[in-house]
Structures are given as C-alpha cells and as structure tokens.
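According to the numbering used here, the stretch in the sequence shown is residues 102 to 241, in order.
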Amino acid sequence: MTHTARRIGRTLALVLPVVLVLSGTLAVTSVPWAGQAGESQMLTASSENVSVRATSRAPQDVLRDRLLTELQEKSPAAALTHLQREVEARPSLAQHCMSIARALGRAAVDRLGPTRAQAYSKPVCDTSFATGVAQQTQSS
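What follows is the structure, encoded as structure tokens:
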C-alpha cells in the first residue's frame with residue numbers, strides 16, 4: 102500500500118504544478134485588460150512585428166516644434182532669430198522656412214494677439230511670419 106501511495110504522490114507532485122501554471126496562464130490571458138466590459142480580449146504571443154522601429158521625425162518637424170516651444174517660453178523674436186540661424190547653418194531647411202515661419206506667426210497670434218504679434222515681424226523667409234499672423238487673425 103505504501104508503494105502505491107508513494108507513486109500517486111510523485112505523480113501528483115509532477116503533474117499538479119504543471120496544471121496550475123497552465124490554468125493560471127490561461128486565466129490571465131483572458132482578462133480584459135483594456136477595460137471595455139463588452140469586448141472579449143485575449144492576449145496572444147505573436148512573432149510578427151515584435152520590435153517595430155519608431156519612425157524618425159523629419160528635421161523640419163523637429164525644428165518647428167522646438168521653435169514653437171521657444172516662442173511660447175521666450176518670445177517670437179527669439180524663435181525667428183533661431184529660425185534664421187538654422188536655415189543659414191543648414192541650407193536644406195530653406196525650403197521649409199516659409200511654412201515654419203507661418204506656423205510661428207499663427208502661434209504668436211494665439212499667444213499675444215494680432216497687434217502685438219505683428220510687431221515681431223522680421224524679414225525671415227520673406228514675409229511668411231506676417232502671412233501667418235494675417236491668416237490666424239482672419240480665422241479667429
């Protein structure tokens with residue numbers, strides 16, 4: 102009798118942890134993590150798209166965001182001066198200068214109002230800053 106009980110005990114000692122781990126894993130994968138109570142969601146392991154590279158941003162987009170932040174923190178004059186310096190340092194940005202200056206003009210109107218924003222106009226990228234001020238003033 103002891104030999105049979107020992108054999109059953111060993112079998113349970115090997116099988117029971119495996120069953121518990123598998124049932125716990127299956128229970129966790131069927132939990133609706135995102136919260137939508139009506140939807141049934143399952144977590145699945147997939148070899149597709151395991152590591153998706155982040156898309157790199159274009160230099161003009163990075164510059165525009167940096168200058169818009171600078172306009173908010175400092176002044177439109179500082180942002181326009183840095184725009185001019187960046188275009189002189191990297192001529193490849195010249196084709197984007199007008200759109201960046203217009204974006205700065207629109208942001209200046211939002212921050213300062215049309216009259217004060219227009220006072221910061223400089224001959225950077227022709228009259229694009231002033232054009233952005235005018236466009237934002239008309240749409241407001």
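Glycine residues also receive a C-beta, built at the ideal position from the N, C-alpha and C atoms.
Remember, it's a predicted structure, so these values are computed and weren't measured experimentally.
Own chain residues within Cβ distance below 7 angstroms of residue i, not counting five before or after
i	result
residue 215	234, 238
residue 160	194
residue 187	164, 194
Run of the alpha helix (DSSP H) containing residue i, from where it starts to where it stops
i	result
residue 239	229-240
residue 177	177-190
residue 158	That residue, residue 158, is in no alpha helix (DSSP H); it is neither H nor E in DSSP.
residue 215	215-219
Candidates the options: closest to residue i by CA position
i	options	result
residue 201	112, 225, 158	225
residue 162	120, 175, 205, 126	205
residue 168	156, 182, 126	182
residue 164	173, 198, 174	198
Distance CB(residue i)-CB(residue j) smaller than 8 angstroms
i	j	result
residue 100	residue 189	Residue 100 is absent from the structure shown; the chain starts at 102 and stops at 241.
residue 203	residue 176	no
Cβ shell of residue i (< 6 angstroms), same chain only, five flanking positions each side left out
i	result
residue 231	222
residue 218	209, 210, 234
residue 103	none
residue 247	The question about residue 247 has no answer, for the chain in this structure spans 102 to 241.
Distance between beta carbons of residue j and residue i, contact taken as under 8 angstroms
i	j	result
residue 212	residue 173	6 angstroms
Sequence-distant residues of its chain with Cβ nearer than 8 angstroms to residue i (five each side left out)
i	result
residue 107	none
residue 184	164, 168, 198, 201, 202, 205, 225, 226
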